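Undergrad:
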Amino acid sequence: ARDPVRVLVTGAAGQIGYAIVPMVARGVMLGPDQPVILHMLDIEPAAEALKGVKMELIDAAFPLLKGVLATTDVVEACTGVNIAVMVGGFPRKEGMERKDVMSKNVSIYKAQASALEKHAAADCKVLVVANPANTNALILKEFAPSIPEKNITCLTRLDHNRALGQISERVNVQVSDVKNVIIWGNHSSTQYPDVNHATVNTSSGEKPVRELVADDKWLNGDFITTVQQRGAAIIKARKLSSALSAASSACDHIRDWVLGTPKGTWVSMGVYSDGSYGIQSGLIYSFPVTCEGGKWSIVQGLKVDEFSREKMDATAKELMEEKSLAYSCLN
Ligand code: NAX
Numbered sequence: 002a003r004d005p006v007r008v009l010v011t012g013a014a015g016q017i018g019y020a021i022v023p024m025v026a027r028g029v030m031l032g033p034d035q036p037v038i039l040h041m042l043d044i045e046p047a048a049e050a051l052k053g054v055k056m057e058l059i060d061a062a063f064p065l066l067k068g069v070l071a072t073t074d075v076v077e078a079c080t081g082v083n084i085a086v087m088v089g090g091f092p093r094k095e096g097m098e099r100k101d102v103m104s105k106n107v108s109i110y111k112a113q114a115s116a117l118e119k120h121a122a123a124d125c126k127v128l129v130v131a132n133p134a135n136t137n138a139l140i141l142k143e144f145a146p147s148i149p150e151k152n153i154t155c156l157t158r159l160d161h162n163r164a165l166g167q168i169s170e171r172v173n174v175q176v177s178d179v180k181n182v183i184i185w186g187n188h189s190s191t192q193y194p195d196v197n198h199a200t201v202n203t204s205s206g207e208k209p210v211r212e213l214v215a216d217d218k219w220l221n222g223d224f225i226t227t228v229q230q231r232g233a234a235i236i237k238a239r240k241l242s243s244a245l246s247a248a249s250s251a252c253d254h255i256r257d258w259v260l261g262t263p264k265g266t267w268v269s270m271g272v273y274s275d276g277s278y279g280i281q282s283g284l285i286y287s288f289p290v291t292c293e294g295g296k297w298s299i300v301q302g303l304k305v306d307e308f309s310r311e312k313m314d315a316t317a318k319e320l321m322e323e324k325s326l327a328y329s330c331l332n
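Position one of the sequence shown corresponds to residue 2 (full-length UniProt numbering), numbered consecutively onward.
1) If we call anything under 8 Å between Cβ atoms a contact, is leucine 159 one with serine 287?
2) Buried or exposed, going by whether 16 or more other CB atoms sit within 10 Å of the CB of alanine 266?
3) Just to check, is the beta-carbon of aspartate 74 closer than 7 Å to a non-hydrogen atom of the ligand NAX?
4) Classify arginine 310: buried if its beta carbon has 16 or more other beta carbons within 10 angstroms, exposed otherwise.
5) Taking the beta strand (DSSP E) that tyrosine 278 falls in, what are its first and last residues?
6) Under 8 Å, do leucine 117 and valine 102 count as touching if we go by C-beta distance?
7) Assuming isoleucine 109 is part of the alpha helix (DSSP H), what are its boundary residues?
8) At which residues does the alpha helix (DSSP H) containing proline 23 begin and terminate?
9) Looking at the unbroken beta strand (DSSP E) that takes in glycine 271, where does it start and where does it end?
10) Could you tell me whether the Cβ of valine 127 comes closer than 8 Å to any Cβ of chain D?
11) Please confirm whether asparagine 181 and threonine 200 have their CB atoms less than 8 Å apart.
12) Assuming histidine 120 and valine 268 make a contact with CB atoms under 8 Å, what is their CB distance in whole Å?
13) Going straight from the alpha carbon of glycine 283 to that of tyrosine 273, what length do you get?
14) The beta strand (DSSP E) spanning cysteine 292 covers which residue range?
15) Run the proximity test for isoleucine 184: is its beta-carbon closer than 7 Å to any non-hydrogen atom belonging to the ligand NAX?
16) List the endpoints of the continuous alpha helix (DSSP H) containing asparagine 137.
17) Quick check on the burial criterion: 16 or more other C-beta atoms within 10 angstroms. Buried or exposed for valine 76?
18) Please say whether valine 22 and leucine 31 have beta carbons closer to each other than 8 Å?
19) By the DSSP assignment, the alpha helix (DSSP H) with cysteine 125 in it spans what residues?
20) Quick check: does the Cβ of aspartate 43 come within less than 7 Å of any heavy atom belonging to the ligand NAX?
21) Cα-Cα, which of Thr316, Ile280 and Ile140 is closest to lysine 109?
22) Three or more beta-carbon pairs under 8 Å between the region 59-66 and the region 87-101, yes or no?
23) When you compare the CB positions of valine 228 and glutamine 167, do they come within less than 8 Å of one another, or not?
24) When we look at the beta-carbon of serine 189 and count the other beta-carbons within 10 Å, is it buried (16 or more) or exposed?
25) Evaluate aspartate 43 with the Cβ neighbour count: other Cβ atoms within 10 Å of its Cβ, from every protein chain shown; 16 or more gives buried, anything less gives exposed.
26) So, using beta-carbon positions, are glutamine 192 and isoleucine 184 closer together than 8 Å?
27) If we call anything under 8 Å between Cβ atoms a contact, is valine 6 one with isoleucine 84?
28) Is valine 210 helix, strand or coil when you go by DSSP?
29) Based on the DSSP secondary-structure assignment, which residues constitute the bridge partners of lysine 180?
30) What does a CB cutoff of less than 8 Å around lysine 55 pick up in its chain, not counting 5 residues either side in sequence?
31) The ligand NAX and asparagine 132: does the residue's C-beta get closer than 7 Å to at least one heavy atom of that ligand?
32) Within 10 angstroms of the Cβ of aspartate 217, are there 16 or more other Cβ atoms? Answer buried if so, exposed if not.
33) Compare the beta carbon distance of valine 130 and isoleucine 280 with 8 Å and say whether it is the shorter of the two.
34) When the distance is taken between beta carbons, is valine 82 closer than 8 Å to valine 8?
Written out as structure tokens, the structure is:
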């Protein structure tokens with residue numbers, strides 16, 4: 002039998018936490034043959050609720066779940082973990098300044114970076130979900146210098162999946178027949194959902210989305226804003242933010258990273274920039290990536306038109322601003 006993989010979920014008593022832990026325990030993240038041990042971290046005010054989640058995990062009798070740790074101790078939570086899904090963070094509350102929210106998250110991610118660096122497994126893969134996701138991941142990377150930068154990523158797969166969903170609804174095809182959309186940049190409303198290389202699998206072969214939709218006004222307008230604003234639309238409808246789709250996409254992100262992307266398909270991941278596509282190196286920026294053998298690589302050589310260039314640079318600019326804001330919080 003395989004050794005269990007230890008999966009850390011921070012903010013595990015929250016909404017996304019409650020949605021993702023059963024997925025991990027059922028093998029949605031790492032496959033149906035991979036046993037797991039869950040490490041759940043939350044903060045003191047949520048300690049009771051976290052205990053309740055642990056009770057439910059035990060009650061669900063998941064065959065793959067070989068152990069559950071529920072703790073408010075960061076060191077205990079991080080010890081020996083192979084995968085870290087960072088969902089915990091400080092949410093923006095009404096009337097709060099951007100800088101105050103940033104400052105809270107910078108101190109959380111700085112502390113958790115050190116705990117991961119000291120106590121996680123050497124090859125630990127990190128996915129930051131909590132907002133501002135790209136910048137929290139950047140802080141984590143800066144304060145965990147011994148974790149390879151390739152192992153620190155943030156979630157834009159939800160945006161990617163939202164874009165696939167919009168195309169599938171519009172063209173009236175199965176979502177699994179749509180592929181190779183791209184989310185460029187920040188997981189924020191400046192992200193650029195790009196369909197220029199996306200295709201749909203039809204009975205007469207693969208067709209470009211641009212050819213099938215044949216409505217540039219929609220593709221360059223409402224499609225983009227719908228994907229960018231989808232989070233807000235869900236909050237408006239549900240009075241709560243998206244949790245099941247975020248949890249599911251986080252599983253997709255880790256699964257593809259660990260087990261690989263299908264041939265001919267790429268996905269979007271927030272990863273540190275090596276300067277590809279002229280994006281300032283060191284930023285955590287969402288790129289199209291393929292994964293193989295537990296490693297991602299940025300898809301190279303895609304044509305970028307002027308419309309795309311402008312949008313890719315605008316979201317990079319926002320990330321540079323977030324980076325300076327985050328650094329100003331460190332002093
Ligand atoms: P909740 O407020 O329901 O849960 C957050 C949990 O984190 C709470 O239980 C809280 O006690 C805990 N927490 C706070 N500080 C912590 C710390 N220092 N260590 C450990 N746990 C801590 O929020 P939820 O709806 O679950 O969303 C979680 C995060 O995901 C938010 O930051 C949210 O903005 C972000 N999202 C990111 C998405 C993405 O695609 N990247 C999409 C969904 C979501 O909006």
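Just so you know, even glycine gets a beta-carbon here, dropped at the ideal spot from N, CA and C. Note that the coordinates shown come from a computational prediction; the quantities given were computed from them, not determined experimentally.
TA: From the atom records:
1) Contact: no.
2) Correcting the residue identity first, residue 266 is threonine in this sequence and not alanine. Exposed, by the Cβ-count rule.
3) no
4) exposed
5) First-last for tyrosine 278: undefined, no H or E at that position.
6) no
7) Looking at the DSSP string, the run of the alpha helix (DSSP H) that includes isoleucine 109 is 99-120.
8) 16-26
9) 268-273
10) You won't find chain D in this structure, because it holds only one protein chain.
11) For asparagine 181 and threonine 200, yes; Cβs fall inside 8 Å.
12) Rounded, the Cβ-Cβ distance is 29 Å, inconsistent with contact.
13) 5 Å
14) Counting along the chain, cysteine 292 sits inside the beta strand (DSSP E) bounded by residues 285-293.
15) no
16) 134-143
17) Classification for valine 76: exposed.
18) no
19) Element bounds for cysteine 125: n/a, residue is neither H nor E.
20) yes
21) Here residue 109 turns out to be isoleucine, not lysine, going by the sequence shown. Here the closest residue by C-alpha is Ile140.
22) no
23) Taking the C-beta atoms as reference points, glutamine 167 is found nearer than 8 Å to valine 228.
24) buried
25) buried
26) yes
27) In this structure, isoleucine 84 lies closer than 8 Å to valine 6 by Cβ.
28) helix
29) Beta bridge pairing from DSSP links lysine 180 with Thr200.
30) Met41, Val69 and Ala71
31) yes
32) exposed
33) no
34) yes
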